[in-house]
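J.:
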Amino acid sequence: MTAKKIHLGPAQIACDLGDGSERGEYVNQDYILHTLGRPHRAINLMYCYYPLDEGWPARASTLPMPDGGKVGYAWDYAYDDYFPYTGGLEGDTTGEVFQQMSDVRRHGQDVILTLAMDCGVSDAQLERIADDLAPFGRLMLRINHEAMGQWFAFNKRYTYQQVGDFFVRFHRILKARAPHIRTVLCVGDGHVQPTGRLKYEDEFAEAIRVADMWSADTYLSLHWGWPFDIAEPGGNSHKRVTNEAILEGLNFEYERFMARGEGKTRDFVLSEFNADGDVSGPYEQATQITDFYRQLPVKAPFITGVTLYQFRDRGRLGLEIEDPSNPAVGYAQPILEAYKAIMQTAPYLPAITDRVEYHESLATQDAAHNGCAFFPANLRWGGSEDADGIALVLEFEKSPTFCEITFANEDAPLNLMLEINGRWFYKAPDVTSIDLMPAFFATNSNAKHNNLSSDAGDACFAMDLRIFAPPPGGTNDPGQGDGWETNYRTTMQKTPEMRIRYAPVM
Numbered sequence: 068m069t070a071k072k073i074h075l076g077p078a079q080i081a082c083d084l085g086d087g088s089e090r091g092e093y094v095n096q097d098y099i100l101h102t103l104g105r106p107h108r109a110i111n112l113m114y115c116y117y118p119l120d121e122g123w124p125a126r127a128s129t130l131p132m133p134d135g136g137k138v139g140y141a142w143d144y145a146y147d148d149y150f151p152y153t154g155g156l157e158g159d160t161t162g163e164v165f166q167q168m169s170d171v172r173r174h175g176q177d178v179i180l181t182l183a184m185d186c187g188v189s190d191a192q193l194e195r196i197a198d199d200l201a202p203f204g205r206l207m208l209r210i211n212h213e214a215m216g217q218w219f220a221f222n223k224r225y226t227y228q229q230v231g232d233f234f235v236r237f238h239r240i241l242k243a244r245a246p247h248i249r250t251v252l253c254v255g256d257g258h259v260q261p262t263g264r265l266k267y268e269d270e271f272a273e274a275i276r277v278a279d280m281w282s283a284d285t286y287l288s289l290h291w292g293w294p295f296d297i298a299e300p301g302g303n304s305h306k307r308v309t310n311e312a313i314l315e316g317l318n319f320e321y322e323r324f325m326a327r328g329e330g331k332t333r334d335f336v337l338s339e340f341n342a343d344g345d346v347s348g349p350y351e352q353a354t355q356i357t358d359f360y361r362q363l364p365v366k367a368p369f370i371t372g373v374t375l376y377q378f379r380d381r382g383r384l385g386l387e388i389e390d391p392s393n394p395a396v397g398y399a400q401p402i403l404e405a406y407k408a409i410m411q412t413a414p415y416l417p418a419i420t421d422r423v424e425y426h427e428s429l430a431t432q433d434a435a436h437n438g439c440a441f442f443p444a445n446l447r448w449g450g451s452e453d454a455d456g457i458a459l460v461l462e463f464e465k466s467p468t469f470c471e472i473t474f475a476n477e478d479a480p481l482n483l484m485l486e487i488n489g490r491w492f493y494k495a496p497d498v499t500s501i502d503l504m505p506a507f508f509a510t511n512s513n514a515k516h517n518n519l520s521s522d523a524g525d526a527c528f529a530m531d532l533r534i535f536a537p538p539p540g541g542t543n544d545p546g547q548g549d550g551w552e553t554n555y556r557t558t559m560q561k562t563p564e565m566r567i568r569y570a571p572v573m
């Protein structure tokens with residue numbers, strides 16, 4: 068067995084995923100990882116911040132309607148019905164949003180935080196939020212998304228110019244206090260405008276110029292009347308468009324972003340994207356999404372990431388539908404298997420490269436280094452697009468019956484993400500051993516060597532077991548010194564032990 072240093076870099080187009088919103092609950096990252104077989108670049112969490120409102124921080128849908136009114140639309144509430152952001156001057160950093168961001172980062176993913184906000188909050192409140200988010204590494208902050216719309220509370224209360232100015236104000240506060248956080252401006256909807264300009268392009272001109280990332284929310288089909296009506300022929304609460312129309316719209320928007328952004332390119336991402344099964348049905352949903360992801364690298368090569376909305380949904384906008392009889396349970400739609408296949412195509416796979424100059428044989432024993440000269444091994448987690456890890460090169464006589472890795476007791480328990488044969492595993496700090504056999508099951512759709520099974524024959528082969536170390540608490544540690552905002556460093560002191568067997572125990 069040999070070991071080598073490896074580097075985790077970005078995919079051509081990143082796969083991101085929405086997890087929880089006004090339409091569904093948050094699903095823990097262990098379940099998502101086991102279901103899909105690999106982590107995402109980032110997970111999008113949807114929250115709102117209206118601390119000046121009466122009733123805050125209750126969720127909007129739990130508050131009584133003014134004057135006994137009734138809700139007839141998803142955005143009729145006093146403020147946006149996302150989960151309340153409980154940080155800032157009024158709160159603390161122990162609430163649900165911080166637990167979820169930690170869960171995301173422990174599992175080797177970055178955070179996209181969507182935050183719908185009252186534009187009247189003070190600089191002091193925004194400064195505290197910047198401080199709240201600083202330990203979460205290379206977080207992407209989507210401030211007042213779909214800002215050219217008219218449904219969110221911030222659009223109902225403020226002019227488009229005021230919404231644009233608020234974005235700029237918050238962006239500048241972030242750059243002063245947490246410059247590693249990237250701001251995402253979402254003023255695209257994936258459609259060509261008959262005016263030849265973006266909606267409210269002048270009002271958002273300065274926001275376009277300063278934003279770190281540009282974004283569009285677009286759906287191939289969408290039933291926005293959910294859950295208050297049903298999408299039926301002749302109705303006016305749903306839409307359905309072609310892949311070609313959306314791709315044309317994205318090209319139009321990128322040209323306008325570049326024109327108003329002084330020709331300086333930014334990452335341009337789709338921050339919400341899907342086809343709604345309420346409109347298309349489950350089979351067309353899967354085939355249309357597959358075709359879109361296939362065309363995207365060619366027809367819109369400037370797109371650097373796509374966030375699928377979402378993992379589990381109460382309606383039909385999820386890879387799973389939430390069981391109405393048990394919200395803790397979801398059942399898969401055809402789009403789930405289609406999406407798993409998309410995640411394994413080249414444009415959407417993160418790049419893992421060898422650093423061959425560090426290649427060493429673990430056969431060279433050295434007691435002073437706890438088993439071999441390669442260890443202790445230093446690992447660096449800069450984020451899901453920039454991390455330094457190690458790989459153990461495993462030699463197999465044939466497909467194993469048992470394949471297990473055990474980590475020796477360490478002074479600092481290890482929080483790890485492991486990958487072998489296209490299948491990823493999570494090791495929590497208090498876990499000692501991980502069973503790697505799912506990487507060899509015939510049902511492992513992520514497998515690079517997908518012909519491995521119990522009767523695969525006696526052919527010998529080698530395979531990398533790749534190991535990365537995200538922060539165990541989900542946050543970076545200021546005590547690690549310079550660069551702590553974007554890097555978390557771990558030392559693996561000892562050589563892990565492999566148990567590989569080729570037959571049942573006698």
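Per the numbering used here, the very first residue in the sequence shown carries number 68; after that it's consecutive. Virtual Cβ for every residue (Gly too), placed ideally from N, Cα, C.
Rounding to the nearest angstrom, what Cα-Cα distance links Ala526 and Glu464 in this structure?
T.: Position 459 of the sequence shown, counted from the first residue, corresponds to residue 526. Position 397 of the sequence shown, counted from the first residue, corresponds to residue 464. Near 6 Å, if we compare the C-alpha coordinates of Glu464 and Ala526.
J.: Does the beta-carbon of Glu268 have 16 or more other beta-carbons within 10 angstroms, so that it is buried, or is it exposed?
T.: Within the sequence shown, numbered from 1, the residue matching residue 268 stands at position 201. It counts as buried.
J.: Where does Glu194 sit, in a helix, a strand or coil, going by DSSP?
T.: Against the sequence shown, residue 194 aligns to sequence position 127. DSSP places Glu194 in helix when its eight states are reduced to three.
J.: If Asn111 and Ser338 are in contact, beta carbons under 8 Å, what's the gap, nearest whole angstrom?
T.: For the purposes of this step, residue 111 is taken as residue 44 along the sequence shown, with counting starting at 1. For the purposes of this step, residue 338 is taken as residue 271 along the sequence shown, with counting starting at 1. With a contact defined as Cβ atoms closer than 8 Å, Asn111 and Ser338 qualify at about 7 Å.
J.: Apart from the five residues on each side of it in sequence, which residues of its chain come closer than 6 Å, Cβ to Cβ, to Gly162?
T.: Looking up residue 162 in the sequence shown gives position 95. The answer, listed in chain order, is Thr153.
J.: Using only CA atoms, which one of Met132, Gly382 and Leu416 lies nearest to Cys82?
T.: As a position in the sequence shown, residue 82 is number 15, starting the count at 1. If we check each option's Cα against that of Cys82, Leu416 comes out closest.
J.: Among residues of its own chain, excluding the 5 on either side of Ala523, which ones have a beta-carbon nearer than 6 Å to its beta-carbon?
T.: Locating residue 523 in the sequence shown gives position 456, counting from the first residue. For Ala523, the predicted model reports a pLDDT of 47, less than 50, meaning its position is unreliable; a value from the coordinates is still stated below. Cβ within range, chain order: Ser466.
J.: Below 7 Å CB to CB, which residues in the same chain sit around Val259 once its five sequence neighbours on both sides are set aside?
T.: Working through the sequence shown from its first residue, we reach residue 259 at position 192. Closer than 7 Å at Cβ, skipping near neighbours: Glu315, Gly316 and Phe319.
J.: For a quick check, are the C-beta atoms of Arg126 and Pro151 less than 8 Å apart?
T.: For the purposes of this step, residue 126 is taken as the residue at position 59 of the sequence shown. For the purposes of this step, residue 151 is taken as the residue at position 84 of the sequence shown. Yes, they are a contact pair.
J.: Are the CB atoms of Tyr286 and Ala342 nearer to each other than 8 Å?
T.: The residue you call residue 286 lines up with position 219 of the sequence shown. The residue you call residue 342 lines up with position 275 of the sequence shown. Closer than 8 Å, so yes.
J.: Decide if Trp218 is buried, meaning its Cβ has at least 16 other Cβ atoms within 10 Å, or exposed.
T.: Reading the sequence shown from its first residue, position 151 is the one you call residue 218. Trp218 should be labelled exposed.
J.: Among the candidates Ser347, Val373, Val308 and Leu265, whose CA atom is the shortest distance from the CA of Gln323?
T.: Position 256 of the sequence shown, counted from the first residue, corresponds to residue 323. With the sequence shown as reference, residue 323 is identified as Arg, and Gln is not the correct amino acid for it. Closest option to Arg323, Cα to Cα, is Leu265.
J.: Using a threshold of 8 Å, state whether the C-beta atoms of Gly187 and Trp491 are closer than that.
T.: Walking along the sequence shown from the start, residue 187 turns up at place 120. Walking along the sequence shown from the start, residue 491 turns up at place 424. No; because the gap between Cβ atoms is not below 8 Å, this pair is not in contact.
J.: Compare the C-alpha of Asn394 against each of Ser304, Val251 and Gly91 and name the closest.
T.: Taking the sequence shown and counting its residues from 1, one reaches residue 394 at position 327. Looking at the sequence shown, residue 394 is not Asn but Pro. Nearest option by C-alpha distance: Gly91.
J.: Taking just the CA atoms, how far does Gly216 sit from Lys223?
T.: Residue mapping note: residue 223 aligns to position 156 of the sequence shown, counting from 1. Residue mapping note: residue 216 aligns to position 149 of the sequence shown, counting from 1. The alpha-carbon atoms of Lys223 and Gly216 are separated by roughly 9 Å.
J.: Assuming Val94 contacts Arg379 under a Cβ cut-off of 8 Å, what Cβ separation, rounded to an integer in Å, is found between them?
T.: Walking along the sequence shown from the start, residue 94 turns up at place 27. Walking along the sequence shown from the start, residue 379 turns up at place 312. With a Cβ gap of about 5 Å, Val94 and Arg379 count as contacting.
J.: Out of curiosity, what's the CA-to-CA distance linking Leu532 and Leu200?
T.: Within the sequence shown, the letter at position 465 stands for residue 532. Within the sequence shown, the letter at position 133 stands for residue 200. Between Leu532 and Leu200, the C-alpha separation is close to 33 Å.
J.: Taking the C-alpha atoms as reference points, what is the distance between His436 and Gln560?
T.: The residue given as residue 436 occupies position 369 in the sequence shown. The residue given as residue 560 occupies position 493 in the sequence shown. Confidence is the limiting factor: at His436 the pLDDT is only 42, short of 50, which leaves the residue's position unreliable, though a coordinate-based value still follows. Whole-angstrom Cα-Cα distance: 8 Å.
J.: Would you tell me roughly how many angstroms separate the C-alpha atoms of Pro106 and Ala418, rounded to the nearest one?
T.: Here the question's residue 106 lines up with position 39 in the sequence shown. Here the question's residue 418 lines up with position 351 in the sequence shown. So the alpha carbons of these two residues sit roughly 13 Å apart.
J.: Apply the 10 Å Cβ neighbour rule to Arg566 and answer buried if 16 or more other Cβ atoms are within range, or exposed otherwise.
T.: Counting from one through the sequence shown, the residue named residue 566 turns up at place 499. Arg566 should be labelled exposed.
J.: What do you reckon, are the CB atoms on Pro496 and Leu481 nearer than 8 Å?
T.: To locate residue 496, count along the sequence shown from 1; it is residue 429. To locate residue 481, count along the sequence shown from 1; it is residue 414. Cβ atoms of Pro496 and Leu481: closer than 8 Å.
J.: Using the Cα positions of Thr431 and Asp284, report the straight-line distance between them to the nearest angstrom.
T.: Start at 1 with the first residue of the sequence shown, and residue 431 comes out as number 364. Start at 1 with the first residue of the sequence shown, and residue 284 comes out as number 217. Here the model assigns Thr431 a pLDDT of 49, short of 50, so the residue's position is not dependable and the matter cannot be decided.
J.: Counting C-beta neighbours from all protein chains within 10 Å, is the total for Gly136 16 or more, i.e. buried, or is it exposed?
T.: On the sequence shown, position 69 is the one that residue 136 refers to. By the 10 Å Cβ count, Gly136 comes out exposed.
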